[in-house]
Amino acid sequence: WGDACGDQIKKAYTEAPNRQFEFLHMVRPRRERDPSRRDAKHKPFESFYVCLTDKTQLGVSGFDEFPYLVPRLSKIAGEVYGRGLGMIALPDIKMLNEMVRTVLKSAQKIVDPPLMMPDDGFLMPIKTVPGGINYYRAGTRDRIEPIQTDGQVNLGIELLNSLRNQILETFNVDWLRLPTDPNNPASAGKGITATYVLQERDEKMRLLSPMLARLQSEFLGPLIDRTFKIMWRQSVMFRFGPNAMLTPPPPELSGKKLRTEYISPLAIAQRTSQLDGIARLVQMATSLAAVDQTAPQVLDCEAILRQAAVDLHTPTATMKSPERLQSERQAQQALAASQAQQEQIATLAGAAKDGGQAAQSITSAIHAQRQRGL
1 WGDACGDQIK KAYTEAPNRQ FEFLHMVRPR RERDPSRRDA KHKPFESFYV
51 CLTDKTQLGV SGFDEFPYLV PRLSKIAGEV YGRGLGMIAL PDIKMLNEMV
101 RTVLKSAQKI VDPPLMMPDD GFLMPIKTVP GGINYYRAGT RDRIEPIQTD
151 GQVNLGIELL NSLRNQILET FNVDWLRLPT DPNNPASAGK GITATYVLQE
201 RDEKMRLLSP MLARLQSEFL GPLIDRTFKI MWRQSVMFRF GPNAMLTPPP
251 PELSGKKLRT EYISPLAIAQ RTSQLDGIAR LVQMATSLAA VDQTAPQVLD
301 CEAILRQAAV DLHTPTATMK SPERLQSERQ AQQALAASQA QQEQIATLAG
351 AAKDGGQAAQ SITSAIHAQR QRGL
């Protein structure tokens, strides 16, 4: 900040370069500003630094949008500061750390147990290293014996694994991987199908949708909007020239509001519920066809496929445009009409040929009868 720094900072700059100072960065809506002015000191959000040591205000500037993003994974009613999954799992994590210490101590006691020995009759020090020899007084029955604690390390390991799985469930790790429970018949490839995998994945993704919705509204949405606005201002500054970040928008987008559409697998899975409804409708129409053959005619197959392509975020190149589809249908109808006309002409020609042969046969028969009559 140059000369705007306080006297203490200027003095430390020459006498104690390694001294540290605490600063507070404040960003808040600016109360008084002139919207017609475009400089940093009249932007919607003011930004300044305060040196807490000498209470000096430094670096007054501003932002067009609030620059900080503070997403919350979850929160309860009336709560300002949210909480994450790590806060929910924190008690289990602390308990797991303490249990690990206990199990390690128990395992050490079993592998290298404490010793019990008489208070007299042995030459010190006691050697517990492999191959160590300890001498005791001859004629006595005193021995060095380990103290058996009967610790059950396997039980401790089972408790640790159970707690680990509980922590993983808190972080929804089980929702992001295939089933591995041996009691589940679909695990380890037992009876698993591609349809089951897709349904299982979509179901787990839908369970994550509440958390995703909050992240989209508090993090992804503001982040994308601010990034776009920064790029837009840079582009307008250069009038969409060679140094512009964005190309000139088409006239159709003039006055339109920016709307973000997410295409991640999680976002697509959120829209699969609509596809499930369409699939059930098609299945119902197929079942009703056994009673009424005209029931499937209610469905618009083209509209169903186009809606499914939108929900699954299928590339537009894989779908024919309505104009091209209409043109191909007209060509097929014209071809079918031409073929039908040719078949009709061939039928008429055949009928005419057969009629000519029949007339000739009748004429011959009449002529033969006349000759016999003469």
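Residue numbers for the sequence shown follow the numbering used here, so the first one is 1 and each next one is one higher.
We put the beta carbon where it would ideally sit given N, CA and C, even for glycine.
For clarity, every value in this text was computed on a predicted model and none was experimentally measured.
Beta-carbon proximity check, residue i vs residue j, cutoff 8 Å
i: Gln375; j: Ile278; result: Residue 375 lies beyond the range of the chain shown here (1 to 374); nothing can be said about it.
i: Leu52; j: Glu98; result: no
i: Glu145; j: Met116; result: yes
i: Ala289; j: Val298; result: no
i: Ile268; j: His313; result: yes
i: Leu96; j: Leu163; result: yes
i: Asp142; j: Pro118; result: yes
i: Pro222; j: Leu69; result: yes
i: Trp232; j: Leu246; result: yes
i: Gly151; j: Lys109; result: yes
i: Ala295; j: Ile167; result: no
i: Asp54; j: Gly6; result: yes
i: Leu160; j: Val236; result: no
i: Phe228; j: Leu258; result: yes
i: Gln216; j: Tyr262; result: yes
i: Gln376; j: Asp300; result: Shown here, the chain extends from 1 to 374; a query on residue 376 therefore has no answer.
i: Glu328; j: Arg226; result: no
i: Leu58; j: Ala4; result: yes
Continuous alpha helix (DSSP H) stretch holding residue i: start and end
i: Val153; result: Val153 to Thr170
i: Thr102; result: Leu85 to Val111
i: Ala227; result: Reading the sequence as shown, one finds Thr at residue 227 and not Ala. It spans Gly221 to Met237 - the alpha helix (DSSP H) in which Thr227 sits, taken as one unbroken run.
i: Thr14; result: Asp7 to Glu15
i: Met211; result: Ser209 to Leu215
Candidates the options: closest to residue i by CA position
i: His25; options: Gly156, Phe48, Arg239 and Pro322; result: Phe48
i: Gly62; options: Ile263, Ala4, Arg38 and Thr128; result: Arg38
i: Ile93; options: Lys204, Ala244 and Phe171; result: Phe171
i: Pro71; options: Glu261, Glu65 and Val80; result: Val80
i: Ser209; options: Val291, Leu73, Val310 and Gln339; result: Leu73
i: Gln148; options: Ser106, Arg324, Phe66 and Pro130; result: Ser106
i: Tyr136; options: Pro130, Val129, Thr128 and Met124; result: Met124
i: Lys320; options: Ala303, Gln333, Glu169 and Ala12; result: Ala303
i: Gly139; options: Ile133, Gly131, Ile126 and Phe122; result: Phe122
i: Glu169; options: Gly132, Ala336, Gln199 and Leu207; result: Leu207
i: Thr56; options: Pro67, Ala77, Ser36 and Lys10; result: Lys10
i: Leu271; options: Ala309, Val282 and Gly82; result: As written in the sequence, residue 271 is Arg, which differs from the Leu given in the question. Taking only the C-alpha atoms, the option nearest Arg271 is Ala309.
i: Asp276; options: Gln199, Val173, Val50 and Ile126; result: Gln199
Residue span of the beta strand (DSSP E) that contains residue i, given as start and end
i: Ser47; result: Phe45 to Cys51
i: Leu305; result: Careful: Leu305 lies outside any beta strand (DSSP E), inside the alpha helix (DSSP H) at Cys301 to Asp311.
i: Arg28; result: Phe23 to Pro29
i: Val129; result: Taken as a continuous stretch (DSSP letters only), Val129 belongs to no beta strand (DSSP E), as it is neither H nor E.
i: Leu58; result: Thr56 to Phe63
Supposed contact pair residue j and residue i - C-beta distance, whole angstroms, cut 8 Å
i: Gly156; j: Val111; result: Actually they are not in contact, since the Cβ atoms of Gly156 and Val111 sit about 14 Å apart, beyond 8 Å.
i: Glu46; j: Arg28; result: 6 Å
i: Ile224; j: Thr260; result: 5 Å
i: Pro248; j: Phe240; result: 5 Å
i: Pro44; j: Arg31; result: About 11 Å separates the two Cβ atoms, so there is no contact after all.
i: Lys75; j: Val60; result: About 33 Å separates the two Cβ atoms, so there is no contact after all.
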